[in-house]
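Residue numbers (my numbering): 9 to 615.
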């Protein structure tokens, strides 16, 4: 008798044995979906193996077949297994992260092509060589698109497929337009609504070779004969999945390329420190493309050395900044004022009792938006009208402080009444980096120290990424106001040498055993009862502190933020020599940890 090894899209990393009823034996194959009874519910399962014997008694029969042909190739099954081992999730959860939502619900494939039947033996990597990615640094938009088209055509000419990932849907649309103008055949975009994306998914699966353009999940596009994967702006945090499993598209791309023998290109104007690190050991091909535009003058204003009157003043713009803006406006130039915050005021509190106005669901300070006269939470959908008097003491009036984009626009309109705000002077947050065609004569950077001073070992890297992106928007001048002018982040920008930043950052991280020298894991506990969440997290921390060789429980803290959308959060930070060791350790130690009303999740390599 034959038995099927079946996994489900649940946080249970076990393959369950199901017997094959008479007549099913030759119709069930590895990589296909089946209907099974699991905990008295009809569920979709995924066949990952076939066996002639089982040690389990009272085995249930498979209820029915969803597919009579493999839905998942042996390469995609292996990718799912590697994702599960890396990101501390179950095999079934990893498989479901690869598939479109409609297939997870048991939807049939329409006109699915015949695929080879897969082996029942475990799939292994064998002698596949390790992939050494190329890193393209500091490409200008036009040259970047040219390289993408050239590489995709080269793959296509060799009968191979290509996947190109973008951080934004608008970039996917732009890429599709460019590829069509370049007369590249079989170009498909995976970015649409669920039903439309499923249709594209099926079409791609039926072709021998194709070019797929898409966002993060397109890394799992079911292309045949994969030869190339490109990540555009690989440093962008949107490539990290927020839901379980918390995979990163870059790591998934490298895993898939290793399995299928494909080439990987990582493009960035500021590669992550983890991406740059192998360059030092010549494990990665690194190409710094010479800018066609002139490198701008980078001027640092040391706010500690400003005149005493200016430092004590509540003015947003220093004399140096206003003079520089005046000069550019007088010569009909365009100015970008960059700030790391949205809104008018970033803090609203009672003048009498000092109590801040916070979101009831997230316990985070509300942000005042002047143009709408509304207080908003930037973490959930909560909004409210500003109260006339303090709801806490019923006496004091509400005072607004802090700097946001609305407030800066208001101040600029006062200082430069003849300037057109939004045209002559643009005020923006990091959203401006998506508009790669813009060009400014002057960029002024405000409030960057807030980002640099965050309690986050990646704070400097994130600031360097932001500023490196801004530099691509000008060939004239950028002025940065900071209290830390000697920081290696600014030194690298002033000298136009990114290696200054990377070398110092790597030295700092090696000394403190931060990534990429060790890997991190974040165990998060969440629930509606604050005390229950805290107690569960403390109990988990004590169990994890026992540790094992190569894994260390470092700290336990309230979440950041501690409350979000009605849930309270606590988190435990762990360090390990490899993601796989962390994942294996946590699967063992969290297996029997169950807390009523508490959900525990794991994020490997958190951002």
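Even for Gly, the Cβ is constructed at its ideal location relative to N, Cα and C.
Per DSSP, cross-strand counterpart(s) of residue i
| i | result |
| --- | --- |
| residue 532 | 579, 609 |
| residue 256 | 248 |
| residue 566 | 578 |
| residue 344 | 434, 451 |
| residue 169 | 234 |
| residue 50 | 45 |
| residue 439 | DSSP output for residue 439 lists no bridge partner at all. |
| residue 408 | 356 |
| residue 58 | 12 |
| residue 222 | 173, 198 |
| residue 364 | 357 |
| residue 595 | Bridge partners of residue 595: none, in fact. |
For residue i, the first and last residue of its enclosing beta strand (DSSP E)
| i | result |
| --- | --- |
| residue 197 | 195-198 |
| residue 306 | 305-310 |
| residue 384 | 382-384 |
| residue 487 | 482-490 |
| residue 27 | 24-27 |
Minimum C-alpha distance to residue i - residue among the options
| i | options | result |
| --- | --- | --- |
| residue 613 | 600, 261, 524, 596 | 524 |
| residue 334 | 413, 423, 141, 281 | 423 |
| residue 396 | 407, 455, 388 | 407 |
| residue 47 | 252, 581, 16 | 16 |
| residue 611 | 530, 573, 554 | 530 |
| residue 412 | 438, 253, 537, 399 | 438 |
| residue 234 | 167, 600, 193 | 167 |
| residue 278 | 24, 52, 477 | 477 |
| residue 96 | 615, 607, 608, 594 | 594 |
| residue 105 | 91, 174, 155, 307 | 91 |
| residue 5 | 522, 398, 251, 153 | Residue 5 falls outside the range modelled here, since the chain spans only 9 to 615, and no answer is possible. |
| residue 70 | 89, 35, 77 | 35 |
| residue 265 | 231, 253, 40, 557 | 231 |
| residue 7 | 178, 615, 281, 419 | With the chain running from 9 to 615 in the structure shown, residue 7 is simply not present. |
| residue 257 | 244, 49, 419 | 244 |
| residue 252 | 463, 546, 11, 532 | 532 |
| residue 432 | 443, 449, 419 | 449 |
| residue 186 | 157, 173, 425, 473 | 157 |
Beta-carbon proximity list for residue i, same chain, < 6 Å, skipping 5 on both sides
| i | result |
| --- | --- |
| residue 421 | 429 |
| residue 500 | 506, 508, 509 |
| residue 518 | 525 |
| residue 434 | 344 |
| residue 534 | 575, 577, 607 |
| residue 129 | With a pLDDT of 47 at residue 129, under the threshold of 50, the modelled position of that residue is not reliable, and the figure given next carries that caveat. Cβ within range, chain order: n/a, list empty. |
| residue 307 | 487 |
Proximal residues to residue i (C-beta, below 8 Å), its chain only, five neighbours per side dropped
| i | result |
| --- | --- |
| residue 6 | The requested residue 6 is not part of the displayed model; the chain covers only 9 to 615. |
| residue 383 | 356, 365, 374, 375, 376, 377, 391, 392, 393, 394 |
| residue 604 | 540 |
| residue 184 | 195, 197, 221 |
| residue 127 | Interpretation of residue 127 is limited by its pLDDT of 39, a score under 50 that renders its predicted location unreliable; no figure is taken from the coordinates. |
| residue 9 | 27, 28, 60 |
| residue 326 | 309, 311, 314, 318, 489 |
| residue 23 | 13, 14, 15, 56, 57, 99 |
| residue 404 | 358, 359, 360, 361, 397, 398 |
| residue 115 | 206 |
| residue 551 | 597, 601 |
| residue 20 | 98, 100 |
Nearest-angstrom beta carbon gap, residue j and residue i [assumed within contact, 8 Å]
| i | j | result |
| --- | --- | --- |
| residue 598 | residue 583 | That pair is no contact at about 17 Å. |
| residue 452 | residue 346 | 7 Å |
| residue 571 | residue 348 | Not really, about 23 Å apart at Cβ, beyond 8 Å. |
| residue 163 | residue 192 | Not really, about 10 Å apart at Cβ, beyond 8 Å. |
| residue 401 | residue 360 | 6 Å |
| residue 514 | residue 285 | 6 Å |
| residue 580 | residue 564 | 5 Å |
| residue 482 | residue 447 | 7 Å |
| residue 238 | residue 270 | The Cβ separation is near 10 Å, so there is no contact. |
| residue 283 | residue 323 | In fact, because the Cβ distance is near 40 Å, the residues do not count as touching under 8 Å. |
| residue 62 | residue 11 | 5 Å |
First and last residue of the uninterrupted alpha helix (DSSP H) at residue i
| i | result |
| --- | --- |
| residue 526 | Where residue 526 is concerned, there is no enclosing alpha helix (DSSP H), given that its DSSP letter is neither H nor E. |
| residue 141 | Where residue 141 is concerned, there is no enclosing alpha helix (DSSP H), given that its DSSP letter is neither H nor E. |
| residue 557 | Where residue 557 is concerned, there is no enclosing alpha helix (DSSP H), given that its DSSP letter is neither H nor E. |
| residue 89 | 82-95 |
| residue 457 | 456-460 |
| residue 520 | 506-520 |
| residue 376 | Run containing residue 376: none in the alpha helix (DSSP H); it sits in the beta strand (DSSP E), 375-377. |
| residue 109 | 109-112 |
| residue 313 | Counting along the chain, residue 313 falls outside any alpha helix (DSSP H), and DSSP gives it neither H nor E. |
Cutoff 7 Å; reference residue i; Cβ partners in own chain excluding five residues on either side
| i | result |
| --- | --- |
| residue 504 | 303 |
| residue 93 | 588, 591 |
| residue 84 | 106 |
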